[in-house]
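Below is one structure, written out as structure tokens, with a few remarks after it.
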Amino acid sequence: MAVQSSPPFNLTGVVHLPPMPGYASSPGLDRVIEFAIEEARTLERAGFTGVLIENEGDRPHVLKVSDEYIEKTSRIIRSVKAVTKLPVGFEILYDMVGSVRAGIEGGADFVRLDVFTDDTEVRWGVVKGCTAEVGELRRTFAGSFPQIWADIHVKHGRNLSGRSLAESTRLAIEHGVDALIVTGTVTGEAPTIADCVEMRRNAQGLPVLIGSGFSVDNASTLRAVCDGTVVASSVQVDGRFDLARCQRLVEALAMREGATA
């Protein structure tokens, strides 16, 4: 009887864009696109399995972006997809429905939603759960709809629903999520092992990804309780991906795979 191998570990790097046009410190859309392409190429060279682009440099973030903004972000997605074989995802902080619209228009492979099931208070205001709106977009654009990767009780946010992690996980699955993300409470802080195990217990076979604090130092421990990670700060220097750091993380995971083979 053939031995079934486990799915490969999902190692997705989060590209933190410079400010978009409309912000005083923006370098302009062409340079933002160049930046995203350069970062994606570094991730591909290092051996990562995916690219997630976020408008991290926008300050302040807003809860609803314009149609013009969505068109510009869709251009970024298309430009990056043209130069890499890796899956490309996108997120607009903190316009969740706008994120999905940009993903559809740009042909993204997936969209990350910091808020999906539960109203959540963040620094910029209250971000509403968007399961109904995302469901409508899914029905309308069924042929070109990206995967939805949803954070459950996201870092930097105060969940207003009163639901437990398990309850929110099950609700996200009911609304068609494709991957579940678990985080610590702040950037650079890993989730607890207990939270990872709890989410996996309720994930119904969907991948559970760690969304904060994953690094070379804890890769061996966290690898055992998740199916992948979206990672940024631990492999960046001054906001850019450092090839050597990225490669060390890939090597650490490869060692873990070898130990469990």
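Numbering follows the working numbering, in which position 107 of the sequence shown is assigned residue number 136; successive positions increment by one, without gaps.
The beta-carbon is built from N, C-alpha and C at its ideal position, and this holds for glycine as well.
Only a predicted model underlies this, so the values are computations on that prediction, with no experimental measurement involved.
Quiz item: By the 10 Å Cβ neighbour count, where 16 or more other Cβ atoms means buried, how is R88 classified, buried or exposed?
Solution: So R88 counts as exposed.
Quiz item: From R74, F119 and E97, pick the residue whose C-alpha is nearest to that of R107; which is it?
Solution: Put simply, of R74, F119 and E97 the residue whose alpha carbon is nearest the alpha carbon of R107 is F119.
Quiz item: Does DSSP put R269 in a helix, in a strand, or in coil?
Solution: Strand, per DSSP.
Quiz prompt | Residue range of the alpha helix (DSSP H) that includes F64 | solution = Its alpha helix (DSSP H) spans residues L58 to A75.
Quiz item: Between L142 and R192, what straight-line distance do the alpha-carbon atoms span, to the nearest angstrom?
Solution: A straight line joining the alpha-carbon of L142 with that of R192 spans about 18 angstroms.
Self-check item: Nearest-angstrom Cβ-Cβ length linking T102 and A131, presumed shorter than 8 angstroms
Solution: At roughly 4 angstroms, the Cβ-Cβ gap stays under 8 angstroms, so T102 and A131 are in contact.
Quiz item: Does the Cβ-Cβ distance between A219 and L251 come in under 8 angstroms?
Solution: Cβ atoms of A219 and L251: closer than 8 angstroms.
Quiz item: Going by other Cβ atoms of all chains shown within 10 Å of its Cβ, with 16 needed for buried, is G57 buried or exposed?
Solution: That one is exposed.
Practice problem: Indicate the three-state DSSP secondary structure (helix, strand or coil) for E218 in the structure shown. | Solution: Coil at E218, not helix or strand.
Quiz prompt | Three-pair Cβ contact test at 8 angstroms for the region 234–242 versus the region 266–284 | solution = Contact fails between the region 234–242 and the region 266–284, because fewer than three Cβ pairs, one in each stretch, are under 8 angstroms apart.
Exercise. Report all residues from its chain with a CB closer than 6 angstroms to the CB of I62; omit the five preceding and five following residues, and keep chain order.
Key: Only I105 and S108 meet the Cβ criterion.
Quiz item: Are the region 201–219 and the region 170–182 touching by the rule of at least three beta carbon pairs closer than 8 angstroms?
Solution: Segments in contact, yes.
Self-check item: 3 or more residues per run - each beta strand (DSSP E) lying fully within the region 232–256
Solution: List check, beta strand (DSSP E) in window: 237–239.
Self-check item: Where G135 falls, given that 16 or more other Cβ within 10 Å makes a residue buried
Solution: The residue in question, G135, is buried, as its Cβ has 16 or more Cβ neighbours within 10 Å.
Exercise. Note down, in chain order, each residue of its chain lying with its Cβ closer than 6 angstroms to the Cβ of N188, except the 5 sequence neighbours on either side.
Key: Once the five neighbours on either side are set aside, the close Cβ partners of N188 are D147, T149 and H182.
Practice problem: Assess, as a yes-or-no matter, whether the region 252–262 is touched by the region 40–58 under the definition of 3 or more beta carbon pairs within less than 8 angstroms. | Solution: Touching, yes.
Quiz item: Is DSSP giving D138 helix, strand or coil here?
Solution: Shown here, D138 sits in coil according to DSSP, grouped into three states, outside any helix or strand.
Self-check item: Straight-line gap, K184 to G213 (C-alpha atoms, nearest Å)
Solution: Distance between the alpha carbons of K184 and G213: 6 angstroms.
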